[in-house]
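Number of protein chains: 2
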Amino acid sequence: MEPDSKPFTPVSTLGEFGLIGHLTNSLHLLQPSSVKGVGDDAAVIRYKGNPYTVATTDMLLEGIHFDLTYTPLKHLGYKAAMVNFSDIYAMNARPRQLLISLGISGRFGVEQLEELYAGLHMACTRHGVDLVGGDTNSSLTGLTISITVLGEATKKQLTYRNTAREGDLICVSGDLGAAYLGLQVLEREKKLFEQDASFQPDLSSYEYIIGRFLKPEARKDIIDYLERAGITPHAMIDLSDGLSSDLMHVCEQSQLGCKIFNHKIPIEERTAQTAEEFGLEPLIPALNGGEDYELLFTVGTDAYEKIIHFPEISIIGHMVEPEAGRYLVTQEGTAIELKAQGWNHSAPMRTSLPAQEDGRQKK
Amino acid sequence: MEPDSKPFTPVSTLGEFGLIGHLTNSLHLLQPSSVKGVGDDAAVIRYKGNPYTVATTDMLLEGIHFDLTYTPLKHLGYKAAMVNFSDIYAMNARPRQLLISLGISGRFGVEQLEELYAGLHMACTRHGVDLVGGDTNSSLTGLTISITVLGEATKKQLTYRNTAREGDLICVSGDLGAAYLGLQVLEREKKLFEQDASFQPDLSSYEYIIGRFLKPEARKDIIDYLERAGITPHAMIDLSDGLSSDLMHVCEQSQLGCKIFNHKIPIEERTAQTAEEFGLEPLIPALNGGEDYELLFTVGTDAYEKIIHFPEISIIGHMVEPEAGRYLVTQEGTAIELKAQGWNHSAPMRTSLPAQEDGRQKK
């Protein structure tokens, strides 16, 4: 559980330029579009054939977004890259280049940064992304990671949030709610460990949900499948704040309503079991949990035949006229109004169904 | 001197999405290349006519890179953008889009962030740059600003560090050493204020050097001039770590030596006066001070006639064969070997001439 049980070489032994060189000298640029990587005032990139560049940035702060008592640095590096790739895929684009800025306190030595970079490199290699630039700084406390990823798409491929159409099928990839419950298990075990340092957590039965939290995988496979199948979604977003909140963005920006069905929302058996262990209806983390990094997209009904055969995609409902509102329909036929809720790392999740809590919040 | 003497509205009253909307809803995209700004998973950019994209990133951490006791947030926002623009100009490119990630502790309210954004907007407007994306987070302590800037250039314009040629003239824009001394004055006055809170600093005679530290201006005018004059530098770098260190990068990457002349190094009278007040030879902050954000570039001797007429550019020496080494030549004809020294925000600057300290450091 200790982040610094490995050998420790102070960063100052290498100096800033030495450190950057040490961490990046094994890099080989893979993308033909990476003209110039680390080592000049700026990176140089060139996409061929009149493409569009997409750019996204994300900052992760120790104590807010991650807890190093249960997050291996290698996993953290992997995840920090992955959450940005996910944003690029959500534009129906391909990630190509990554820039990383770090703020590191004296608690982190060369070996710890090597771990972080090992995870980063693994993520980049898996998704064909080049690390082309960055900035390394000392910080007074903790670790801060800021990543920017650039990607490319053609005009035809680009998929926004505001272009869903009435009647569109609403699709999500993978399954939802697992990452949130993985985090809850890790937090619970941390508390037990703090009370009794001899406590040996047995996390084997939670491997799936913990993995979903610590090492999410951006859904390149879905973008690949859609391309092969000749489907360009009408609208797309990645699920980082939770299905409810992220679907709201699509509804608001597309000026439409939606109807989704609770029994269509994909929830893994292991997620459902753990939810019940925590006294939660499994639907709650799926709706409001956040950090799923799955893709939510809408397609015309003509794509139904192709979508239905791909096991990694679930059709959970459809877009409706704005006047019809935004509802989750239960198997009993009850319609519950959906509410947006940002994924707030420092506040507890809303733990009841939206409509039930509605009255309490309106004050 | 207090960063939070203004009205204070907690960020939580707006929430993350509300805050981003509040800070960015007055934005109008100016660049035709900014296809989609804030509000989707990623920004979308398209440069016309087969251009190259350049990308740079920089992180500023409270307590390391800035001290809010004497740095107004508006200046900080301005500077945070400007240091990135400077990197883009140093590629002989033009900045076009900016993404910003913030980590903000509870000490910062909506009004403080408005100030920061006001400075950011001023910098962007002045340099024709669009704010197209970002990420706002709470932090446990302090303020962290991470900025990425994208720019464009043609292949012919792009200027690297590793392409200086033997015999090239070495040129620098503006004057050097002022920012470092501005920081020293601010630190001195802060100490006096801490000893006696009724102390009223009179900084009027230091206005120039303090301005150079708090509100640097990236040298778009130099890039404009070079373009008008039809000059493409052979190599270029921006002076962020100090002339000595940054010139070393050009020498190392171009595998050449250099000879610069101390009486050619541009130092403002007000900089020289303050240096003497601090018991420093004026040349020292010019060589090792850092944060000048001037441009250093090399040109062929055929450009001499054009360069010599532009008052904002000084020719300080020339590139020589690698065997001749890297030297500063004094008016008395003494040659002092130049040393690289990274600008280290948490360590004191080297305060003697490089060669003098050389012996002491070799242990």
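Read top to bottom, the protein sequences are chains A and B. If you're matching positions, the first sequence starts at 1 in our numbering and goes up one per residue. If you're matching positions, the second sequence starts at 1001 in our numbering and goes up one per residue. Glycine is no exception: its CB is placed at the ideal position from the N, C-alpha and C atoms.
- At the C-beta level, K1215 of chain B and K1079 of chain B come within 8 Å of one another.
- Contact between Y180 of chain A and D238 of chain A is absent: CB atoms are separated by about 15 Å, not below the 8 Å threshold.
- Chain A places a beta carbon closer than 8 Å to that of R1161 of chain B, counting this residue as a contact.
- Counted as a single uninterrupted DSSP element, the alpha helix (DSSP H) harbouring F85 of chain A occupies residues 73-89.
- Close to chain A, meaning a Cβ-Cβ distance shorter than 7 Å, are the following residues of the stretch 1040-1062 of chain B: D1040, D1041, A1042, A1043, V1044, I1045, R1046, Y1052, T1053, V1054, A1055, T1056, T1057, D1058, M1059, L1061.
- About 15 Å separates the beta carbon of L113 of chain A from that of A81 of chain A, a gap too long to meet the 8 Å contact definition.
- Using a Cβ distance threshold of 8 Å, Y1206 of chain B and V1185 of chain B count as a contacting pair.
- Burial state of S1244 of chain B is buried, judged by a 10 Å Cβ sphere holding 16 or more other Cβ atoms.
- When 8 Å is used as the limit between beta carbons, A1081 of chain B is near no residue of chain A, the shortest such separation being about 14 Å.
- Going by C-alpha positions, Q255 of chain A is about 9 Å away from T163 of chain A.
- Boundaries of the alpha helix (DSSP H) harbouring T24 of chain A: 15-24, taken from the DSSP string.
- Excluding sequence positions up to five before and after L1287 of chain B, its CB lies within less than 7 Å of the CB of G1242, L1243, S1244, all in the same chain and listed in chain order.
- Using beta-carbon distances, K190 of chain A does not count as an interface residue toward chain B, since no partner is under 8 Å.
- Considering only beta carbons, the part of the stretch 1157-1184 of chain B lying closer than 7 Å to chain A consists of L1158, Y1160, R1161, in chain order.
- Taking 9 Å as the cut-off between beta carbons, the residues of the stretch 1089-1113 of chain B near chain A are Y1089, A1090, M1091, A1093, Q1097, L1099, I1100, S1101, L1102, G1103, in sequence order.
- I1064 of chain B reaches chain A at N137, S138, S139, L140, counting residues in chain order whose Cβ is nearer than 7 Å.
- In this structure, the straight-line span from the alpha carbon of Y1225 of chain B to that of S1033 of chain B is close to 24 Å.
- For Y1070 of chain B, the closest of B:E1321, B:L1192, B:R1228, B:E1323 by C-alpha to C-alpha distance is B:L1192.
- Check the Cα spacing between H1318 of chain B and each of B:E1276, B:K1036, B:H1234: the tightest is with B:H1234.
- Contact with chain B is absent for G289 of chain A, since none of that chain's Cβ atoms lies less than 8 Å from the residue's Cβ.
- Check the Cα spacing between R46 of chain A and each of B:T1154, B:L1328, B:T1274: the tightest is with B:T1154.
- Cβ proximity to chain A below 7 Å picks out I1237, D1238 from the stretch 1230-1241 of chain B.
- Between the stretch 99-108 of chain A and the stretch 130-147 of chain A, the count of Cβ pairs shorter than 8 Å is three or higher; the stretches touch.
- Annotation: the continuous alpha helix (DSSP H) that includes Q273 of chain A extends over 269-277.
- Taking all protein chains shown into account, Q200 of chain A has fewer than 16 neighbouring C-beta atoms within 10 Å of its C-beta and is therefore exposed.
- Contact of T1148 of chain B with chain A by beta-carbon distance below 7 Å involves T57, L99, T148.
- Residue-level contact by beta carbon fails for T334 of chain A and chain B, as no gap is shorter than 8 Å.
- Rounded to the nearest whole angstrom, the C-alpha separation of K1156 of chain B and I1231 of chain B is 11 Å.
- By the neighbour-count criterion, in which 16 or more other beta carbons inside 10 Å mark a residue as buried, Y304 of chain A falls on the exposed side.
- Flagged as an interface residue toward chain A: V1035 of chain B, by a C-beta distance shorter than 8 Å.
- Secondary structure note for H1249 of chain B: its alpha helix (DSSP H) is the uninterrupted segment 1243-1254.
- Rounded to whole angstroms, the separation of the alpha carbons of T334 of chain A and G174 of chain A is 26 Å.
- Beta-bridge partners assigned by DSSP to R326 of chain A: A:C258.
- Neighbours of G133 of chain A in chain B, taken as residues whose beta carbon is under 7 Å from its own, are A1055, T1056, T1057 in chain order.
- Below the 9 Å Cβ cutoff, chain B contributes M1059, L1061, G1103, S1139, T1144, S1146 as neighbours of T144 of chain A, in chain order.
- Across the stretch 291-312 of chain A, no CB contact with chain B closer than 7 Å is found for any residue.
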